[in-house]
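This report refers to the structure that appears directly beneath it.
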Amino acid sequence: MVSVVVVGGGLSGLEFAVALQLSERYEIILLEWGSSLRRHHEQEDSRRYPGDQRTRTWQSLGPEWRDGSGVKRRLGGRSLCWHGVVLPIEDYALAKWPEVWRQRLWRDGLYSRTAEHLGVQLPSNAYCLGQESDPVLAAVPQASAVRPVGQSSSDSKKEIRSVYSPIHALETSRVRVVKGARVNSVSRKNGALFVDFTTNSGLHRIKTQLCVLAAGAVENARIVCDSMGEPIEGRITDHLCVGVVSGRQEREVETGAGKSIRYLRWSDLRCNVFVQDEFTSRSDGIRRIVDVWALVEQDLAAGSPFFVSPAPDRADFGNVSIGTHVSIEDHQRLQIISRRLDAFVEAFLGVLPGNCFQAGVHYHPEPAAVRRVISGAADHLHYRVPLGGVDHEAGTLPIGGPVNAELGLKGFDGVYVLGPGVFPASGAANPSLTSLALSNWLARHLMCDS
Ligand SMILES: Cc1cc2nc3c(=O)[nH]c(=O)nc-3n(C[C@H](O)[C@H](O)[C@H](O)COP(=O)(O)OP(=O)(O)OC[C@H]3O[C@@H](n4cnc5c(N)ncnc54)[C@H](O)[C@@H]3O)c2cc1C
875 MVSVVVVGGG
885 LSGLEFAVAL
895 QLSERYEIIL
905 LEWGSSLRRH
915 HEQEDSRRYP
925 GDQRTRTWQS
935 LGPEWRDGSG
945 VKRRLGGRSL
955 CWHGVVLPIE
965 DYALAKWPEV
975 WRQRLWRDGL
985 YSRTAEHLGV
995 QLPSNAYCLG
1005 QESDPVLAAV
1015 PQASAVRPVG
1025 QSSSDSKKEI
1035 RSVYSPIHAL
1045 ETSRVRVVKG
1055 ARVNSVSRKN
1065 GALFVDFTTN
1075 SGLHRIKTQL
1085 CVLAAGAVEN
1095 ARIVCDSMGE
1105 PIEGRITDHL
1115 CVGVVSGRQE
1125 REVETGAGKS
1135 IRYLRWSDLR
1145 CNVFVQDEFT
1155 SRSDGIRRIV
1165 DVWALVEQDL
1175 AAGSPFFVSP
1185 APDRADFGNV
1195 SIGTHVSIED
1205 HQRLQIISRR
1215 LDAFVEAFLG
1225 VLPGNCFQAG
1235 VHYHPEPAAV
1245 RRVISGAADH
1255 LHYRVPLGGV
1265 DHEAGTLPIG
1275 GPVNAELGLK
1285 GFDGVYVLGP
1295 GVFPASGAAN
1305 PSLTSLALSN
1315 WLARHLMCDS
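Just remember that my numbering sits 874 ahead of the position in the sequence shown, which is counted from 1.
Written out as structure tokens, the structure is:
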């Protein structure tokens, strides 16, 4: 038996653990900082559960990486609230990855196998390689899974379709889960690997042969810093996001209209544009609400400065600070994108939403301001989401930097790293198709190795 400790029971850690446990050669313990609050998916995490608040394990002085940011600690991590949008990283960004990863993801079929497992159809390879022209609005590929609901025998035949989470496969797996365990660091002594973690009852240590860090891009880097006892100085990215919500009175609901979400790609501006279209019936008629937003690549070299200083002793945790950086080039691109979004809305709805950079731009899509558009008190709302706000943080321990092409931590045999933190470049695509692909690849790689 090979012992493996997985750190973090979120999207990446759970996906890896449930894939690896298919081989009986592995004995897997998963250490999760949070508790087990729920197993079902909640869109946007709109309901509040005690102990399920967003926590920030970093300091940030400005609104970027502060307002609207933070990560929830719980078994399931963000797999319990993500939207399931799965898009492959565009070729211009994959060009910054080691060539072997381009080969694995596309030519060796890792993307297509992962997509099949998630029940989605990906845009064609030619599309992602930029050899096809950008499509007009297309349906967004969303990962979902059918799972049984209810515990009693009368419920046993009921099934629901919800956004995919590997937490459901965990229920029938051999993975041993320890909740309420925050990992401090990993160390090597006389050839053996040890993982230190803190629970309510104090500091604990377990011996293992392999350790896989999947605690999110920020915490993974903090753990590595405390394990090495050396500061980490690098960059972190998130997607930049600008959008506009517009409302218009309609005489009738369009045939076949419900709430829909579609997307298109503006590859010249390195962004994906999402369009959510909804018709609402009210006493004074029908109102159509269209929310159009762009997720825009932030290049790692132009990302925000990221600094971790190690903890003074092994029972403590290092300090993480994130400085804000939106480069001049990114600012200029955001302005062009905002103008193009307005022109898009004008063509789509037949109304001109005005210039985004006029007074009155909201830094978030604030619920009260959105409600004004829905009620008809206002026709448009422009917004920008601060960095850290779309939960696509990436690049803290990139492949080719501290992490090698086999996802191993350099200088630390037996320690592997997962999640968007290892992306050398994210492109405009939402990160999770690639995170899930990496988790499945590492599980297979270890199985083949042993
Ligand atoms: C509302 C929302 C919608 C989203 N929609 C999409 C989408 O449509 N498409 C997409 O691609 N992405 C989406 N994302 C982003 C996606 O959810 C994240 O990129 C993804 O969950 C990151 O996976 P992860 O495993 O690295 O982190 P997480 O899922 O956050 O898991 C990390 C886990 O590690 C635990 N942990 C942290 N520190 C420690 C420690 N020291 N010791 C032990 N455990 C620890 C945490 O409690 C957590 O359970 C969305 C995110 C949000 C919030």
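Idealized CB from N, CA, C, for every residue including glycine.
Remember, predicted model here, so these are calculated numbers, not experimental data.
Check: 6 Å Cβ shell around ARG1159 - same chain, five flanking residues per side excluded; Outcome: It should be pointed out that residue 1159 corresponds to Gly in this sequence rather than to Arg. Here the set comprises GLN1123.
Check: Through-space distance from HIS991 to ALA1311, alpha-carbon basis; Outcome: 10 Å
Check: Closest by C-alpha distance to LEU996, when choosing among LEU1307, SER1313, LEU1316; Outcome: LEU1307
Check: Beta-carbon proximity of ASN1314 to THR988, cut-off 9 Å; Outcome: yes
Check: Where GLU1267 falls, given that 16 or more other Cβ within 10 Å makes a residue buried; Outcome: buried
Check: Cβ neighbours of LEU904 in the same chain (closer than 6 Å, five flanking residues each side left out); Outcome: VAL880, GLY883, ALA891, VAL1049, VAL1051
Check: Beta-carbon contacts of CYS955 that lie in its chain and below 6 Å, excluding the five residues immediately before and after; Outcome: GLU916, ASP919
Check: Where TYR1237 sits in the DSSP three-state scheme; Outcome: coil
Check: Residues bridged to GLY1156 [DSSP beta-bridge criterion]; Outcome: According to the sequence as given, residue 1156 is Arg; it is not Gly. In the DSSP output, where bridge partners are listed per residue, ARG1156 has GLY1159.
Check: Cross-strand partners of ALA1168 (DSSP beta bridge); Outcome: VAL1116, VAL1147
Check: Alpha-carbon to alpha-carbon, LEU1283 and GLY1269; Outcome: 14 Å
Check: Cβ neighbour criterion (16 or more within 10 Å) applied to ILE1202; Outcome: exposed
Check: Given 8 Å, three or more beta-carbon pairs between the stretch 1050-1069 and the stretch 1252-1267; Outcome: no
Check: Beta-carbon spacing of VAL960, ASN1304 below 9 Å; Outcome: yes
Check: For ASN1229, three-class secondary structure by DSSP; Outcome: With a pLDDT of only 49 at ASN1229, under 50, the local geometry of the prediction cannot be trusted, and the value read off the model is given with reservation. Three-state result, ASN1229: coil.
Check: Cβ neighbours of PRO928 in the same chain (closer than 8 Å, five flanking residues each side left out); Outcome: Note that residue 928 corresponds to Arg in the displayed sequence, not to Pro. Here the set comprises SER943, GLY944, VAL945, LYS946.
Check: Per-residue burial, PHE1231 [other beta carbons within 10 Å of its own, 16 or more giving buried]; Outcome: For PHE1231, the pLDDT reaches just 41, beneath the cut-off of 50, and the residue's location in the model is therefore unreliable, although a value from the coordinates is still provided. Answer is exposed; the Cβ neighbour count stays below 16.
Check: From GLU964, ALA1066, VAL994, residue whose alpha carbon lies closest to that of THR1082; Outcome: ALA1066
Check: Assigned exposure category for CYS1099 - 16 Cβ within 10 Å defines buried; Outcome: buried
Check: DSSP-derived helix/strand/coil call for CYS1085; Outcome: strand
Check: Sequence-distant residues of the same chain with beta carbon closer than 6 Å to LYS970, five excluded per side; Outcome: PRO1298, ALA1299
Check: Inter-residue Cα distance where the pair is SER1178 and SER1157; Outcome: 48 Å
Check: Residues that DSSP places opposite GLU1124 in a beta bridge; Outcome: ILE1160
Check: Inter-stretch contact (C-beta, 8 Å, three-pair minimum) for the stretch 1087-1102 and the stretch 1183-1195; Outcome: yes
Check: ARG1214 versus SER1195, ILE1196, TRP1140, residue with shortest Cα-Cα distance; Outcome: TRP1140
Check: Minimum Cβ-Cβ distance from TYR1257 to chain D less than 9 Å; Outcome: Of the protein chains in the structure, only one exists, and it is not chain D.
Check: Status (buried if at least 16 other CB within 10 Å, exposed otherwise) for SER1212; Outcome: buried
Check: Alpha-carbon to alpha-carbon, GLN1206 and GLN977; Outcome: 33 Å
Check: Residue range of the alpha helix (DSSP H) that includes HIS991; Outcome: 984-991
Check: Endpoints, the alpha helix (DSSP H) within which HIS1319 is located; Outcome: 1306-1323
Check: Range covered by the beta strand (DSSP E) that runs through ALA1066; Outcome: 1066-1073
Check: Extent of the continuous beta strand (DSSP E) to which SER1141 belongs; Outcome: Taken as a continuous stretch (DSSP letters only), SER1141 belongs to no beta strand (DSSP E), as it is neither H nor E.
Check: Host alpha helix (DSSP H) of HIS1256 (start-end); Outcome: Unbroken run through HIS1256 is the beta strand (DSSP E), 1254-1259; no alpha helix (DSSP H).
Check: Three-state class that DSSP yields for ASN1094 in the structure shown; Outcome: helix
Check: Ligand 1 heavy atom lying under 8 Å from the CB of GLU918; Outcome: yes
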